[in-house]
Amino acid sequence: MHQKSYTTFKFNGYPTDRDLVLALSSDDDTTRNHAFNVLLDTLQQPIYFHLRRLLGNHEDAADAAQTTFIKVHTSLHTFAFKSKLSSWIFTISTRQGLDLIRRRRVTEDDFETHLACLQSDLYFDGDEATARIHAAVLTLPDKQRAVFILKYFEGLDYKSISEATSTSVGALKASYYHAKQKIKPLLLSNVI
Amino acid sequence: MSYSKENSNQKPFKTPEGFFEKQRSEILAAMSENHSVTKQRILPRKLSRALALAASLTAIGIIAAVWTNNSTEKCISFACLLEYTDFNDLSHDDYETLELWEEELIDDESELL
């Protein structure tokens, strides 16, 4: 990595990943804070809402999002520019979310329990159909859930999801197909 | 992948008032704290890694030396000694020692009988 002085650094437009990473690792507090603010402007909300879909509630999503950004800062030296910085951060957040699901899960909640929780959630503002799809997603096994959210809600391609979940593209396609098959009857059960 | 506040697809989820601003200040505070701690720890960490590496190499060397020596020291029979000793490495003196040892063993056995 080339050395560059960032003591009076200001981004002109949106920075490249390399410039952003250099500024984030700067010893100068102002430069580092400025770079982190740029990063948060772009990714704080997408990461939070991604985790909210994955974890189902505000408290867990807030915890996981905060831990994600702190991990980004502490592990920045491991970022090898093999993917986009945003993909790498999504990877960290997805793993953080999956880790939280594994640590906190005591019993598997069923669809009706998730639906009731969402409908009584102060911070959920969806109609019946929206609540059903989000409740259905929460019944999926953790990795399948992450794949479905990244593909269906975030619109990521299989290659990026492959990086985020450390799974082959073939396995991801199968996982996404099975997730859809599991969700479908739960959505249709309301119509019948 | 590019995101902006407008296309972050937050619906149907809501957050408490001022949540993102509060979280941002908490992240920045934690980051500043981490940065100073990390800077303080860089040198000791490098030093401790070097010491750990040196200690590991020394330990491996000692274990290898002990293991190599033990292969013959553990022998309590002539057959064992023969098995673990490469005859090409034996000097004339070594042969003499072996013969003496064999004679002593024969003597011991005769005394027992």
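Residue numbers (our numbering), protein chains in the order written: chain P, 1 to 192; chain S, 1001 to 1113.
Backbone N, C-alpha and C fix where the C-beta goes; we use that ideal spot for every residue, glycine too.
CA nearest to the CA of residue i, picked from the options
i	options	result
THR165/P	SER87/P, ALA64/P, GLN45/P, SER25/P	SER87/P
LEU172/P	HIS134/P, ARG145/P, ARG52/P	ARG145/P
LYS1014/S	GLU59/P, ASP28/P, THR42/P	GLU59/P
ARG52/P	SER83/P, PRO15/P, TYR123/P, ASP109/P	TYR123/P
ARG18/P	LEU76/P, GLN44/P, PHE49/P	LEU76/P
LEU187/P	VAL137/P, VAL169/P, VAL147/P	VAL137/P
GLU163/P	ASP109/P, ASP99/P, LYS84/P, TYR176/P	LYS84/P
HIS34/P	THR74/P, HIS50/P, PHE49/P, TYR14/P	TYR14/P
LEU55/P	PHE81/P, ARG104/P, HIS178/P	ARG104/P
GLN96/P	ASP63/P, THR167/P, ALA179/P, LEU43/P	ASP63/P
PHE81/P	TYR176/P, THR16/P, ALA179/P, PRO185/P	THR16/P
ASP28/P	ILE1027/S, SER1032/S, GLU1026/S	SER1032/S
ALA1030/S	ASP41/P, THR74/P, HIS50/P, VAL169/P	THR74/P
PHE1019/S	THR167/P, VAL21/P, GLN45/P	GLN45/P
GLN181/P	THR167/P, ILE133/P, ASN57/P	ILE133/P
ALA61/P	LEU100/P, VAL21/P, SER175/P, THR78/P	LEU100/P
ASP1023/S	TYR176/P, ASP121/P, ASP41/P	It is worth fixing the name first, because residue 1023/S is Gln in this sequence and not Asp. It is ASP41/P whose Cα lies nearest to the Cα of GLN1023/S.
PHE79/P	VAL21/P, GLY126/P, PHE49/P, ASP127/P	VAL21/P
HIS50/P	ASP1107/S, LYS1011/S, ASP1108/S, GLU1102/S	LYS1011/S
PRO1016/S	ASN57/P, LEU39/P, VAL38/P, THR30/P	ASN57/P
Chain P contact residues for residue i, given Cβ-Cβ distances below 8 Å
i	result
ARG1024/S	ASN37, LEU40, GLN44
ALA1029/S	Neighbours of ALA1029/S on chain P: none; closest Cβ ~10 Å, over 8 Å.
Same chain, Cβ closer than 8 Å to residue i, five either side skipped, listed in chain order
i	result
ARG102/P	ASP142
ILE47/P	ALA65, THR68, PHE69, ILE89, PHE90, SER93
ARG32/P	ALA23, LEU24, SER25, SER26
ASP110/P	THR139
LEU1053/S	none
GLU1099/S	none
THR167/P	LYS143, VAL147, ILE161, SER175
Within chain P, partners of residue i - CB distance below 9 Å
i	result
GLU1032/S	The sequence given here places Ser at residue 1032/S; Glu does not occur at that position. Simply ASP29, ARG32, ASN33.
Beta-carbon neighbours of residue i, restricted to chain P and to distances below 7 Å
i	result
THR1015/S	HIS58, TYR123
Neighbourhood of residue i by C-beta distance below 7 Å, restricted to the same chain and skipping five residues each side
i	result
GLN119/P	ALA131
VAL72/P	ILE89, ILE92
ILE161/P	VAL147, LEU150, LYS151, LEU172
PHE36/P	LEU24
LEU43/P	SER86, ILE89
MET1001/S	Confidence is the limiting factor: at MET1001/S the pLDDT is only 40, short of 50, which leaves the residue's position unreliable, though a coordinate-based value still follows. So no residue of the chain qualifies.
SER1025/S	none
Sequence-distant residues of the same chain with beta carbon closer than 6 Å to residue i, five excluded per side
i	result
ASP183/P	According to the sequence shown, residue 183/P is Ile rather than Asp. Closer than 6 Å at the Cβ level, and outside the excluded window around ILE183/P, lie ALA136.
SER1008/S	Reliability fails at SER1008/S, whose pLDDT of 45 lies under 50, so the model's placement of it is uncertain and the value that follows must be treated cautiously. Closer than 6 Å at Cβ, skipping near neighbours: no residue.
THR1097/S	none
VAL169/P	TYR158, SER162
ALA179/P	LEU140, GLN144, PHE148
Any C-beta of chain B under 8 Å from that of residue i
i	result
SER166/P	Of the protein chains in this structure, namely P and S, none is chain B.
Proximal residues of chain S, C-beta to C-beta of residue i below 9 Å
i	result
GLN66/P	GLN1023, GLU1026, ILE1027, ALA1030
ALA116/P	By Cβ distance, chain S contributes nothing, its closest Cβ being about 16 Å from ALA116/P, past 9 Å.
ALA179/P	Simply none; closest approach about 19 Å.
Chain S residues whose Cβ lies nearer than 8 Å to that of residue i
i	result
ALA23/P	The premise fails here: ALA23/P is roughly 13 Å from chain S at the closest Cβ pair, so nothing lies under 8 Å.
Mind checking the stretch 68-94 of chain P against chain S and listing, in chain order, the residues whose C-beta falls within less than 7 Å of any C-beta there? From the stretch 68-94 of chain P, only PHE69, ILE70, HIS73, THR74, LYS84, SER86, SER87 have a Cβ closer than 7 Å to chain S.
Tell me, please, whether the stretch 148-155 of chain P touches the stretch 114-128 of chain P by the rule of three or more beta-carbon pairs shorter than 8 Å. Not touching, per the Cβ criterion.
Which residues of the stretch 127-154 of chain P have a Cβ closer than 7 Å to any Cβ of chain S? Give them in chain order. The stretch 127-154 of chain P vs chain S, Cβ under 7 Å: THR130, PHE153.
So if I threshold CB-CB distances at 7 Å, which residues from the stretch 162-176 of chain P count as touching chain S? Hits within the stretch: zero.
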